[in-house]
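Okay, so here's the structure we're looking at.
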């Protein structure tokens with residue numbers, strides 16, 4: 145059981161306040177002063193929190209703006225790089241086409257020269273045979 149056997153008598157306000165109005169007035173003033181100080185502290189804390197929140201929001205906005213600008217610059221750099229590489233790729237394709245055509249032409253010329261070489265070798269062989277036949281008229285080939 146929480147209650148004790150002997151009840152405690154509380155006087156509120158204490159008897160000395162009632163007998164001395166000056167003490168009562170001072171206590172009321174002190175109590176109001178504590179309330180005012182607490183209220184002022186709460187108001188100051190509220191203002192500080194509000195200012196801190198506003199500074200943080202402003203900082204976040206600036207950070208987001210810097211991030212967006214950095215992202216925009218990066219995207220522009222990537223687009224420029226894409227354009228340069230597209231032009232370079234087209235130039236390389238053109239060069240490849242030119243080299244491929246030249247290779248075809250050289251191959252074709254090579255085949256033509258090879259056939260001509262074979263024909264000339266055959267003619268030369270025929271000429272040697274004819275010359276040999278002219279030098280040795282008695283022998284038949």
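In this note's numbering, the protein residues as written are 145 to 285.
C-beta atoms are modelled at their ideal positions from N, C-alpha and C, and glycine is treated no differently.
Nothing here was measured: the structure is a model prediction, and the numbers come from that model.
Once DSSP output is grouped into helix, strand and coil, what is the label at residue i?
i           : result
residue 280 : coil
residue 267 : helix
Work out the CA separation of residue j and residue i for me, nearest whole Å.
i           : j           : result
residue 277 : residue 249 : 41 Å
residue 273 : residue 245 : 42 Å
residue 240 : residue 222 : 26 Å
residue 270 : residue 262 : 12 Å
residue 260 : residue 228 : 47 Å
residue 219 : residue 195 : 36 Å
residue 213 : residue 186 : 40 Å
residue 192 : residue 202 : 15 Å
residue 216 : residue 235 : 29 Å
residue 247 : residue 275 : 41 Å
residue 253 : residue 224 : 43 Å
Go through its chain and collect everything with a Cβ distance to residue i's Cβ below 8 Å, but skip five positions before and after it.
i           : result
residue 256 : none
With a CB to CB cut of under 7 Å and the five nearest residues on each side skipped, what residues in its chain are close to residue i?
i           : result
residue 198 : none
In chain order, what residues of the same chain have a beta carbon less than 6 Å from the beta carbon of residue i, not counting five sequence neighbours either side?
i           : result
residue 258 : none
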